[in-house]
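Below: the structure, in structure tokens.
Residue numbers (the working numbering), protein chains in the order written: chain A, 789 to 1524; chain B, 2 to 154.
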């Protein structure tokens, strides 16, 4: 509900808000600019009477003196019947420059408040301010929901760049935007005379002395009013003895006799006037230039919000595919229920639907929120594809499903399959899918196959699950899902080092140049992303749509893109990579992998890897400029053949980036594996871990299992569990 | 610049009590290109010494700004009796007001005055003062600040 409100208001008002925000930001610098331009008032005790006298010397036909909130003093006069206006130096009363209200500011102001369209435009812009207020309020709730509660509102934003920018800009701007929209609405009420008016406006005096000629400096009513309280002083009309001086100050307005210099009438500014003026100051920053700049800074987040908001909406729209034609709910033997937040899970549902339909199934698909089991009279299986929102909450299209499920008296006869979609960067990975499983167990719903998960929309994960589903259903099921591919760039190979041929493990360290993508593409979000060691390089081999991921052994700062590749006998991608010659190019993209990186602290790091698993670990050592304690356990076959990074590892040790390299070779006389070396070092390893050390493991599944076992044994005497370290993020694995 | 004629009001009556005879007057005015937002105008009739007789027309849309017509406001305290109201007049534009004027006001020392005001710019009370005399009909009078010219017919 809140999300839909936020989306539709945002879509309708986006262009209006861009105009409002951009013109508002431009106007926000005006008070500061005027402050800089205004001649300084040196004599703090200067009175209005003295100032007026000084000005009248140079401009005998002065008609009005005004003081702007910036402190700038202007005098309006006639000279030989021609009107003139000057910015006055209060010290001399002399005009410094001709005064003209800036046409640019006037245009911006008109655009900002009325789109240059008069009252109709004012109402439109007021509607824009209302939309902004609703967006701010709904935005606060959405951020709280996304972060997993009000207490976590300020925790780091995660997700795609557009999402993070939207959240960050929102948090930065929300206060300014809410304040500026509330004050704008208030000012609109004032403009259309809906608010009560009590601007000081005393009745014109019934009688005046009729005398003229007293100098303003001698006027009792003027010579105790300091200039910094002045708003305007209007002189009597020339040769009209019945006219008076009109003085407006911060406190009110009054009339002064031109012959006696005494106050004839005075009215204090009313409460409404003071409130209105304060609201005006809050909105415009006039008279509070620093606040104006701050407000402008906050509002400058609004264009970012408008653009990223549109991008997010567009991405979600693109990700929602048209589903293949299914059958009616009561006829279908397979029901697919989708819990999707941004829409990408629907794409997988479409692929699954096509795959099942091709195998003779009658398939019906619906959002999880429309779960109506009594209608599924012919269903044999119900397949739930569920994403997770925020801290384990139900995604948009799954609202109310758990309640419906727990309210069921009897579980549906059709068996249940659940596939969770998520991102391992989030702590609550696939938590909603797990909640469904838990509730299904409670209801006594029979499972078709165990729950599985798909990380970051991985087509491989999806197909693996599809194969398992096919086995249960008694036919082959290949799910070739083509997700929206990331934008790829061409990478050119600049160097390669080959290893391991002699030990039947042909391996290469491939180094590519960082592609140049130009400023324009970077701004459009199409540039080559920043990357760190441990992030993934997605490579799309020729004649395939499915990307293969390789751990990066370098970061942006190194100025090159480096990976380690082991040639597999039938590997399509590794084969193509292995055949690359210097100067050849491949298509690739970066996928961030923040889940596999050393924590940002000074605690020791234990790197454990074998074979090509050395890649990201070497990258971590290379980037260890702060020289935190770092040890490497590295498993190879033979020191003379596949000792990857041999030279660098020595160099980094001499530079202090690596404390020690513990080598384990498996094809020498003394057969050794990393887990064995670890066990020999048990005392030191345990001491480091108790000291807060972090463990990062990269390599094959078997090696990782062996390491886990060894660590279990090493830590057990100290009352520590590897699982416990994993939960704390101190034991990370990148396993393939 | 293309001049667009703004017909501000069709007709308004300014008749002093006791007089019977009146004639229809057309006031045609033009504003200077002062480079600002639309001008608020107050057109009214006074005696030679400035004493207020009646309002012909007040325009600008938002009555809360009418105190910027300092002379008119002083004379009337914002009393809108006899007045027609309408929109503001853009810089460089022309305007035309038709109203009935009692014969007794002609050649008897009465004046038509216009106060003008523009947002963020100075107020111009009595921007133009035109004596209501027979000779003055058909003659072009010039204003001081915002009013370029006014012709009575």
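We put the CB at the ideal spot given by N, CA and C, even for glycine.
In whole angstroms, what separates the C-alpha of residue 1141/A from that of residue 896/A?
Between residue 1141/A and residue 896/A, the C-alpha separation is close to 54 Å.
Counting Cβ pairs, one atom from each stretch, are 3 or more of them under 8 Å apart for the region 1008 to 1028 of chain A and the region 973 to 982 of chain A?
The answer is no - the region 973 to 982 of chain A does not touch the region 1008 to 1028 of chain A, with fewer than three Cβ pairs under 8 Å.
If you count every other CB in all the chains shown that lies within 10 Å of the CB of residue 1331/A, and 16 or more means buried, which is it?
With fewer than 16 Cβ atoms within 10 Å of its Cβ, residue 1331/A is classed as exposed.
What do you get for residue 1482/A, buried or exposed, if any count of 16 or more other CB atoms within 10 angstroms of its CB means buried?
By the neighbour-count rule (16 or more Cβ atoms within 10 Å), residue 1482/A is buried.
Would residue 1046/A and residue 1031/A qualify as a contact pair, given that the criterion is a beta-carbon distance under 9 Å?
In contact: residue 1046/A and residue 1031/A (Cβ atoms closer than 9 Å).
Do residue 151/B and residue 107/B have their CB atoms nearer than 9 Å?
No, the pair does not count as a contact, with Cβ atoms beyond the cut-off.
Put residue 835/A into one of helix, strand or coil per three-state DSSP.
Of the three classes helix, strand and coil, the one that applies to residue 835/A here is strand, per DSSP.
Using a beta-carbon distance cut-off of less than 9 Å, what residues from the region 958 to 989 of chain A approach chain B?
So the close ones are 978, 979, 980, 981, 985, 987 and 989.
What residue range does the alpha helix (DSSP H) around residue 1151/A cover?
Counting along the chain, residue 1151/A falls outside any alpha helix (DSSP H), though it belongs to the beta strand (DSSP E) covering 1151 to 1155.
Residues in the same chain with beta-carbon distance under 7 Å from residue 25/B, minus the five sequence neighbours each way, listed in chain order, please.
99 and 101, listed in sequence order.
Return the residue from the list 1252/A, 908/A and 1177/A that minimises the CA-CA distance to residue 1223/A.
When each option's Cα is compared against that of residue 1223/A, the closest is 1177/A.
In terms of residue numbering, what span does the beta strand (DSSP E) encompassing residue 142/B cover?
Run containing residue 142/B: 141 to 143, per the beta strand (DSSP E) assignment.
Is residue 1185/A buried or exposed, if buried means 16 or more other CB atoms sit within 10 Å of its CB?
Looking at its Cβ environment, which holds 16 or more other Cβ atoms inside 10 Å, residue 1185/A is buried.
Express the C-alpha separation of residue 76/B and residue 7/B in angstroms, rounding to a whole number.
With a pLDDT of only 42 at residue 7/B, under 50, the local geometry of the prediction cannot be trusted, and no value is derived from it.
Let's test the definition: count the other Cβ atoms within 10 Å of the Cβ of residue 943/A and tell me whether it reaches 16, buried, or not, exposed.
Exposed, because fewer than 16 other Cβ atoms sit within 10 Å of the Cβ of residue 943/A.
Using 10 angstroms around the beta-carbon of residue 848/A, count the other beta-carbons present and answer buried if the total reaches 16, otherwise exposed.
Per the 10 Å Cβ criterion, exposed.
Can you name the start and end residues of the alpha helix (DSSP H) that residue 1070/A belongs to?
Here the alpha helix (DSSP H) through residue 1070/A covers 1059 to 1072.
Mind the definition here: the region 1287 to 1295 of chain A touches the region 1381 to 1391 of chain A only if three or more C-beta pairs lie below 8 Å; say whether that holds.
The region 1287 to 1295 of chain A, when compared against the region 1381 to 1391 of chain A, does not touch it at the 8 Å Cβ threshold.
Is the distance from the Cβ of residue 1208/A to the Cβ of residue 1221/A below 9 Å?
Contact: yes.
Identify the continuous alpha helix (DSSP H) that holds residue 934/A and give its terminal residues.
Counting along the chain, the alpha helix (DSSP H) containing residue 934/A begins and ends at 906 to 935.
What would DSSP say about residue 102/B, mapped onto helix, strand or coil?
Residue 102/B: strand per DSSP, three-state reduction.
Using a C-beta to C-beta distance shorter than 8 Å, which residues of chain A count as neighbours of residue 51/B?
Neighbours of residue 51/B on chain A, chain order: 1028 and 1030.
Look up residue 981/A in the DSSP assignment and say whether it is helix, strand or coil.
If DSSP states are grouped into helix, strand and coil, residue 981/A belongs with coil.
For residue 991/A, which residues in chain B fall below 8 Å Cβ to Cβ?
Per Cβ cutoff of 8 Å: 78.
Along the region 26 to 41 of chain B, what residues have a CB closer than 8 Å to any CB found in chain A?
Result list: 36, 37 and 38.
Go ahead and label residue 11/B buried or exposed: buried means 16 or more other beta carbons lie within 10 angstroms of its beta carbon, across all protein chains shown.
For residue 11/B, the predicted model reports a pLDDT of 36, less than 50, meaning its position is unreliable; a value from the coordinates is still stated below. Label assigned to residue 11/B: exposed.
Hey, how far is the Cα of residue 814/A from the Cα of residue 1084/A?
Straight-line Cα distance between these residues: approximately 8 Å.
At least one CB of chain B closer than 9 Å to the CB of residue 871/A: is that the case?
It does: the Cβ of residue 871/A has a partner Cβ on chain B nearer than 9 Å.
On the three-pair Cβ rule with 8 Å, is the region 1147 to 1157 of chain A touching the region 1108 to 1123 of chain A?
Yes, they touch.
Mind reading off the beta-carbon distance from residue 1404/A to residue 1341/A? Whole number of angstroms is fine, and I expect it under 8 Å.
Confirmed, Cβ separation roughly 6 Å.
At 8 Å on the CB atoms, spell out the chain A contacts of residue 71/B, in chain order.
In chain order: 1022 and 1034.
For residue 1437/A versus residue 1449/A, is the C-beta spacing smaller than 9 Å?
Yes, Cβ-Cβ distance for residue 1437/A and residue 1449/A is below 9 Å.
Starting from the C-beta of residue 932/A, find all residues in its chain whose C-beta is less than 6 Å away, skip the five residues before and the five after it, and write them out in chain order.
Counting only Cβ-Cβ distances below 6 Å, and skipping sequence neighbours, we find 938 and 941.
Determine the contact status of residue 845/A and residue 862/A, defining contact as a CB-CB distance below 9 Å.
In this structure, residue 862/A does not lie closer than 9 Å to residue 845/A by Cβ.
Could you check whether residue 1260/A and residue 1228/A sit closer than 9 Å to each other, using their CB atoms as the reference points?
Not in contact: residue 1228/A and residue 1260/A (Cβ atoms no closer than 9 Å).
Any idea what DSSP makes of residue 752/A, helix, strand or coil?
No answer is possible for residue 752/A: the residues shown for chain A start at 789 and end at 1524.
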